[in-house]
Amino acid sequence: MRRIVLPDSGPLGEIIKPKQSLNVKNWRNISKEKIQIKVVEIIDYEIRRELTLGILQGNSISQDAVYNLNKFRQRKQFIPLESNTDLDLTCELWADLRFKSQGTSNLKNIDIDAILVAQALSQKEYFDEVIIVTANVSDICRFNNFGIKIWDRKQALNDCENQYINFYQ
35 MRRIVLPDSG PLGEIIKPKQ SLNVKNWRNI SKEKIQIKVV EIIDYEIRRE
85 LTLGILQGNS ISQDAVYNLN KFRQRKQFIP LESNTDLDLT CELWADLRFK
135 SQGTSNLKNI DIDAILVAQA LSQKEYFDEV IIVTANVSDI CRFNNFGIKI
185 WDRKQALNDC ENQYINFYQ
């Protein structure tokens, strides 16, 4: 079974930190062997804009994190935003949640969660299972009925470490 994990901005921020916690290192090592981790463009943007501000403020840790973020692009672990397809689907997802009074952001804000989910859905034709790892389960889980899995970041770390998640089937 081909599986892909797409980290939301919280987990991705932990992955690209120059000094990672032992749990994150263990998770990355397990993930290298058993699943593909890719970064969707909207999450790259969300992280990169904060890191760029940090660089302008003289934060050297931000420079190291940008270097690590760039590795995803260099290793072709980056999923670009397909403007027509992804944005059309994002509009449908956003409108569906708004219609059900379940929006995840202010009406006038760009809904990054909806864009993330649209990019995740675009991967279903290439992978048997698409998983978003997030620290924001309450917002992302509103998209559960679209055929993608949502994992809580802390639970995913623990499950991988304890080998409760079996990526081989």
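Anchor point for the sequence shown: position 72 equals 106 in our numbering, and the numbering is continuous, going up by one each time. Think of the CB as a built atom: it goes at the ideal place given N, C-alpha and C, for glycine as much as any other residue.
In whole angstroms, what separates the C-alpha of LYS183 from that of ASN118?
24 Å
Going straight from the alpha carbon of LEU155 to that of ILE50, what length do you get?
24 Å
Assigned secondary structure, ASP173 (DSSP; H/G/I helix, E/B strand, else coil):
helix
Using a Cβ-Cβ cut-off of 7 Å (strictly less than) and excluding sequence neighbours within five positions of THR124, which residues of its own chain qualify?
ALA148, ILE149, ALA152
Among VAL74, ASP186, ASN179, whose alpha-carbon lies nearest the alpha-carbon of LEU127?
ASN179
For PRO114, does the count of other Cβ atoms within 10 angstroms reach 16, so buried, or fall short, so exposed?
exposed
At the level of alpha carbons, what is the spacing between GLY181 and LEU85?
32 Å
Assigned secondary structure, PRO114 (DSSP; H/G/I helix, E/B strand, else coil)
coil
Locate the alpha helix (DSSP H) running through PRO52, then write down its first and last residues.
No alpha helix (DSSP H) contains PRO52, which DSSP labels as neither H nor E.
Once you ignore the five residues that flank GLN97 on each side, which residues in its own chain have a CB closer than 7 Å to its CB?
ILE89
Determine the closest residue to GLN121 out of ILE76, LYS110, PHE161, with distance taken between C-alpha atoms.
A quick correction: the sequence has Leu, not Gln, at residue 121. Minimum Cα distance to LEU121 is reached at ILE76.
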